[in-house]
Amino acid sequence: MKALGEEVFNPLDKTHLAESVRDHLLKRPVGQLPPDRFMGAGIYAIYYTGGFEPYRKIAKTAPSDEKAIPIYVGKAVPPGSRKGGYGLGADPADVLHRRLSEHASSIEGARNLKLADFQCRYLLVDDIWIPLGESLLIETFKPVWNMLVDGFGHHDQGKARRGQKKSAWDTLHPGRAWAEKVEQPNDKSAEQIAKDVVAYLGG
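Okay, so the sequence shown: first residue is 1 according to this note's numbering, each after it adds one.
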């Protein structure tokens, strides 16, 4: 019987399902970026422990701590998911590993970051729950590369991206070969973006 003023707990509510996915990820071990090759799709969190001063607030936390703030979170979905479907039943192959490897390459391309300063944790997730889990991770941690310094997850799209403005990420962390060819500068300088990061992270 429902008590007056109390809600009935529904374990299948989408928020509770998302929390389950998030909590399982955060209990996973932290390891190198990229990890050894594996098969599957899912969600991930990337942590920074280096000396880039604007990230000092998050760099001093231990990535192994479930409450540590990731610098970026994301997902890798099976083929077909990006075309309006969910990719249900599709063979994901090594899509999550490839995504993490792409991120490692981006970091290696940046002149003011070191790949050795990054770690990650990941979770293989059933197709339909992947976007839900990623959304709650972003809502929970509000990672700076998701919320403020956009562009880390961008791919080289050839001439299609050349006339666009350079992303905040590529402005703050120059070096990716394809991003160097983007013609329009960002509205903010690297110095301004760095100040925004410090303010966003609370010093």
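Glycine included, each C-beta is placed from N, C-alpha and C at the ideal position.
The structure presented is a predicted model; accordingly, all values stated were derived computationally and were not measured.
Helix, strand or coil for residue i per DSSP?
i           : result
lysine 181  : helix
lysine 165  : strand
glycine 133 : helix
Just mark residue i as buried or exposed, buried being the case when its beta carbon has 16 or more other beta carbons within 10 Å.
i                 : result
alanine 62        : exposed
glutamine 32      : exposed
arginine 111      : exposed
lysine 83         : Annotation note: pLDDT 49 at lysine 83 (below 50); position unreliable, coordinate value reported separately. Exposed, by the Cβ-count rule.
histidine 173     : buried
glutamate 134     : buried
proline 29        : exposed
phenylalanine 118 : buried
alanine 68        : buried
aspartate 127     : buried
lysine 60         : exposed
lysine 166        : buried
alanine 18        : buried
For residue i, which residues of its own chain have a beta-carbon under 6 Å away from its beta-carbon, when the five flanking residues on both sides are left out?
i              : result
tryptophan 129 : Val21
alanine 76     : Ala41, Val95, Leu96 and Arg99
alanine 204    : This structure leaves residue 204 out entirely; the chain is present only between 1 and 203.
tryptophan 66  : Just to set this straight, residue 66 is glutamate in the shown sequence, not tryptophan. Once the five neighbours on either side are set aside, the close Cβ partners of glutamate 66 are Leu26.
aspartate 156  : Trp178
Once the 5 residues before and after residue i are set aside, which same chain residues still bring their CB inside 7 Å of it?
i              : result
alanine 177    : Gly109
valine 104     : What sits at residue 104 in the sequence shown is alanine, not valine. Result list for alanine 104: Leu33, Pro34 and Leu115, in chain order.
proline 70     : Ala45, Ile46, Tyr47, Phe141 and Pro143
isoleucine 193 : Val149, Ala168, Thr171 and Leu172
proline 54     : Ala194, Val197 and Val198
Give me, in chain order, the residues of the same chain whose beta-carbon lies closer than 8 Å to that of residue i; leave out the 5 immediate sequence neighbours on both sides.
i             : result
tyrosine 44   : Leu25, Val73, Gly74, Lys75, Ala76, Leu96, Arg99, Leu100, Cys120, Arg121, Tyr122 and Leu123
serine 106    : Phe152 and Arg176
methionine 39 : Pro92, Ala93, Asp94 and His97
Please list the segments of the beta strand (DSSP E) lying wholly inside the stretch 42–124, counting only runs of 3 or more residues, in order along the chain.
42–48, 72–76 and 118–124
### Task
Pair every Cβ in the stretch 178–190 with every Cβ in the stretch 34–52, then say whether three or more of these pairs are closer than 8 Å.
no
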